[in-house]
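Notes follow once the structure below has been shown.
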Amino acid sequence: MEKAIELNPGRNFAIALGVLALGSAGIVAAPRLDSPVSETMLDTGVFLLTGVVAVMLWEIGARAQQALPRLLAVALAVVVVFELLHTIATLEPLSTITIAGFREPRWRVGTWGPTTHLLPLAIVAILLLPERGKRNSAAFAAMLALGGFVLLALFEWLPRYVEPSLLGITRPTLVAAPVLWALAGYLCWQRRRESPILGMVALMAVLMVPANIVALYSRLADDSPATIAHFGKVIAALYLLMTLMEMSMIEMGRRQRAESELQLLNAQLERRVHDRTKQVEQSNDALKGEVMRRQQAERRQQIQIGRMRLLDRITRSVAARHDMSSIFQVVIHSLEDYMPVDFALIGLHKPDENAVTIAHLGVKTRPIALALAMPEQTGIAVDGNGLARSIKGELVYEPDISDVPFAFPARLASGGLKSLVIAPLLIEGKVFGVLLVARRQAESFTSTDCEFMKQLCEHVSLAAHQAQLRETLQTAYEDLRQSRQAVMQQERLRALGQMASGIAHDINNAISPMALHTQSLLETGANLTPRIRGYLEIVRHVTDDVTATVARMREFYRERDPQVTLGPVDLNQLARQVIDMTHARWGDLPQRAGVTIEVRTDLDVALPPAKGIESEIREALTNLIFNAVDAMPQGGLMTVRTGVTGEVTARGVRIEIIDTGIGMDDNTRRRCLEPFFTTKGERGTGLGLAMVYGAAQRLGAELEIESELGRGTTFGMIFAAATMAAEPVRPVATAASVPPLRILIIDDDPVILDSMRLVLELDGHTVTAANDGRAGVDAFRTAHGNGEAFAVVITDLGMPYMDGHEVARAIKSVSAATPVILLTGWGRRMGEHDLPANVDRTLDKPPKLLELREALAGTLAMAGQ
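Residue 27 is where the sequence shown starts when you use the numbering used here, and the numbers rise one by one after that.
Rendered as structure tokens:
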């Protein structure tokens, strides 16, 4: 056997080292070799040899799928670029410098340093680079190029030559080069077992070290040391090239030997196969019959496996659908594409009509069906059409429908169809539809096909049943979700109502002093200026509106009082009042933010009075104005318009709030009246328009909304016109109508206590105040024992330790004839028929002065005083 040739880098290294020594001696002995021409030739040789080595290493790395040769090739390629720059600088010096009286090419000297340092730096970096970093050659090349340009700039800045210094060195800037090459050679030699290329690079580094040491003693770009350094680079590159070529040749020889051995083995194998085949052919005649039988069985098995795969594919596709239409579509499409069939449809059975309605047609089936006047939703009578057996649950197969006497098969035969299979679809033993497939060839369905159709219908029936159950469950879930939302809404309203109850009490207590003092000032302030009186009237209106709003808060958790008295309301006057009251919202606040909202009025001077409640309409208009202002964040125009609508016999009084804001889309417009629905985010509560809707329902008014995105919104409220029938004159209670009385007032709020005491004393009464229930009862008992009984007792309902009911019971136990008036801040008005025990009259907070006087007069009349 031929002996294998082994790679011997040491032999090539010895030759290269000898050539380097002889060449260096020749350069020193022959000064004529020290010339720019020699330098240029050597630089060109280095450039070409380095480029060839880079190409060879890249090819080796690509062929062996190794990162190390590719990275070395990338490093050499970058060095080639800088070697080219050095060679060009040698041929065409860009500038010159004067050293020791000689003019030398500046860049010729400046470009030697980067090329000398860059390659050993790259080799060290490759060896120290982690495995993951060795995968990106482009990034490595970019970083190496960047380093080369940094070195180029550095050596451009450093001095080229100096006077002989330590050890006679004239180029100290190149001291790092032999050190780097020694380090690179050491690292490569330590890791030479990983790749033979590292051993070659280590020996190459040994050649580069003396060449770079000699360069330290050069005084000119083309003197003997510089020429020896260039010659050393050429010898090192030539050594690496020759060693790589030898390695490639050895590898090629190994491959050729392996290929020759493989060809020999293949030839031997072919001979053995030929001999074996001949033996098999000789015995094959006896086994042909068995093989044919097996082939037929395999074909049948393959067909069966294909049917099972098709059934599995259809089942999986059907399982992903949740409605019957898509289930039918998947089944028909799969049968047409994979079975295949020429005609396929699914029909649904209608027992009441004794017919089958075509529910779905296949894509290939549709043209034939249209030609036969059988589009989808066409009904096919069961009786007399050959469908009766399938409706009973049987699988029907007609090999040739040309001779079938029924109308429906004959109709299919007229379309060129010959064989037919009809399979029933059953749910819980009842046929709800049929699957019909047909082909143009007679007797083209096998028993396997029929069995497949039967199994397929079972899966389709199950999926259809699940789809029906899903639809039923979805409907039930939707009903449950709506019920849950309704319950949650009710619970939310109940919680809000409970919270509103406490808020109502606190608000009524807070505004009671303001209401009493305002009424007293309006009544007794004869010297008030019209402007001050107008301000007080606004305060009185606002107080009344707050009182009415607090009273309506109980509607969140309690049924509304059925008796609501609607009176005539002047909408023009009410509109002006609301505009004045909301001036801060549409005028001051937007202007502070640099936004201008213009308000215009278009009021019908002949507007009849509307039937309603002034406070509720005022509140609804206030909410509509606030809503319009929020709809114009960039400013705009808001118009308040009144007018008459309808016929003379059934006129309505209309008031509109029109803005030029952002408007609403259809969905928002439909939902804007729902409680807690808002498009304002955290700034909105979703109750403003809901309260407007509630007021309209309470007052029997119509609410109209017109809106378009970007065009603004119009809210209109239409009230019934009030009849002008004369109302009976109601006597007004004054301070003079009630004689001076001794009155006991009991309340735990000192501000309310002082306010009521003050207004009653202004009416001429003698008032004693008690700040809780126990103190009031004690004062009443003391006065009664002293013969100075109180004519009337006015007590608050909600007090600590002893509430109003307990106070009334204690008062009546001492003096049953003493009238007791109960004040409540809970927003509950009580009539005479549902007064609490021991209470003669109730008043809501804040009490009106007129109502207080009427209550005093009424209780005195009941007591016979």
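Backbone N, C-alpha and C fix where the C-beta goes; we use that ideal spot for every residue, glycine too.
Inset, instruction - Report yes or no: do the segment 687-704 and the segment 721-736 share at least 3 C-beta pairs separated by less than 8 Å? - result: yes
Inset, instruction - Can you give me the Cβ contacts of Val260 inside the same chain, cut-off strictly under 6 Å, excluding the 5 residues immediately before and after it? - result: Scanning its chain for C-beta atoms nearer than 6 Å, with the 5 sequence neighbours on each side dropped, one finds around Val260 the residues Leu68, Gly71 and Val72, in chain order.
Legend entry - Supposed contact pair Glu700 and Ala722 - C-beta distance, whole angstroms, cut 8 Å: With 8 Å as the limit, Ala722 and Glu700 do not qualify as a contact, their Cβ atoms being about 15 Å apart.
Inset, instruction - Using beta-carbon positions only, say whether Ile639 and Met607 come within less than 8 Å of one another. - result: no
Legend entry - Which of helix, strand or coil DSSP assigns to Ser839: helix
Inset, instruction - Specify, as a first and last residue, the run of the alpha helix (DSSP H) that Val54 falls within. - result: Pro35 to Ala55
Legend entry - Buried versus exposed, by CB contacts within 10 Å (16 or more), Met27: A caution first: Met27 carries a pLDDT of 40, below 50, which makes its placement in the model unreliable, though a value can still be read off. That one is exposed.
Legend entry - 7 Å CB neighbourhood of Ala202 in its chain, flanking five on each side removed: His143
Inset, instruction - Given a cut-off of 8 Å, decide if Leu75 and Phe264 are closer than it, judged by their beta-carbon atoms. - result: Before going on, a small fix: residue 264 reads as Leu here, not Phe. Contact: yes.
Legend entry - Check: Val818 C-beta below 7 Å from any heavy atom of the ligand GDP: Looking for the ligand GDP in the displayed structure turns up nothing, as the structure carries no ligands at all.
Legend entry - In DSSP terms, what His386 is bridged to: Paired residues: Ile372.
Inset, instruction - Give a yes or no on whether the C-beta atoms belonging to Leu629 and Val670 are separated by under 8 Å. - result: no
Legend entry - Pair within 8 Å by beta-carbon distance, Gly799 and Val833: Yes, the pair counts as a contact, with Cβ atoms nearer than the cut-off.
Inset, instruction - Look up Arg132 in the DSSP assignment and say whether it is helix, strand or coil. - result: Unreliable placement is indicated for Arg132, whose pLDDT of 48 sits below 50; the coordinate value is still reported in the next sentence. Residue state, collapsed to three classes: helix.
Inset, instruction - Determine whether the Cβ of Ser416 lies closer than 8 Å to any Cβ atom of chain B. - result: Absent here is chain B; the protein component of the structure consists of one chain.
Inset, instruction - Output the boundary residues of the beta strand (DSSP E) element that contains Asp822. - result: Val818 to Asp822
Legend entry - Pro450 - DSSP class collapsed to helix/strand/coil: strand
Inset, instruction - Check the C-beta distance from Ser163 over to Arg89 and give it rounded, since I have them as a contact under 8 Å. - result: Incorrect: roughly 15 Å between the Cβ atoms, too far for contact.
Legend entry - Burial state of Leu53, where buried means 16 or more other Cβ atoms lie within 10 Å: First, the amino acid is wrong: residue 53 is Ile here, not Leu. Under this definition Ile53 is a buried residue.
Legend entry - CB-CB length for Ser445 against Phe478, believed under 8 Å: Incorrect: roughly 15 Å between the Cβ atoms, too far for contact.
Inset, instruction - Measure the C-alpha to C-alpha separation of Arg737 and Val718 and round it to an integer number of angstroms. - result: In a straight line, the C-alpha of Arg737 is about 22 Å away from that of Val718.
Legend entry - Beta-carbon proximity check, Leu848 vs Pro873, cutoff 8 Å: no
Legend entry - Three or more C-beta pairs below 8 Å linking the segment 442-461 and the segment 375-390: yes
Legend entry - Where Lys637 falls, given that 16 or more other Cβ within 10 Å makes a residue buried: buried
Legend entry - Rounded separation between Leu48 and Glu277 - CA only: 32 Å
Legend entry - Same chain, Cβ closer than 7 Å to Leu779, neighbours up to 5 away in sequence not counted: Ile771, Asp773, Ala795 and Asn797
Legend entry - Backbone CA spacing between Gly824 and Arg695 [nearest angstrom]: 43 Å
Inset, instruction - Tell me whether the beta-carbon of Thr66 lies closer than 8 Å to the beta-carbon of Gly139. - result: no
Inset, instruction - Pick helix, strand or coil for Ser352, following the three-state DSSP scheme. - result: The answer is helix: DSSP assigns Ser352 an H, G or I state.
Inset, instruction - In the DSSP assignment, find the beta strand (DSSP E) that holds Val947 and state where it starts and stops. - result: Residue 947 falls outside the range modelled here, since the chain spans only 27 to 891, and no answer is possible.
Inset, instruction - Mark His375 as exposed unless 16 or more other C-beta atoms lie within 10 angstroms of its C-beta, in which case mark it buried. - result: buried
Inset, instruction - Please work out which residues of its chain come closer than 8 Å, Cβ to Cβ, to Leu267, disregarding the five sequence neighbours upstream and downstream, and give them in chain order. - result: Leu75, Val78, Val79 and Met82
Inset, instruction - Report buried or exposed for Glu109, applying the criterion of at least 16 other Cβ atoms within 10 angstroms of its Cβ. - result: buried
Legend entry - CA nearest to the CA of Asp429, picked from Ser286, Glu469, Ile372 and Thr196: Glu469
Legend entry - Reduced DSSP secondary structure (H/G/I, E/B, other) of Thr844: The answer is coil: DSSP assigns Thr844 none of H, G, I, E or B.
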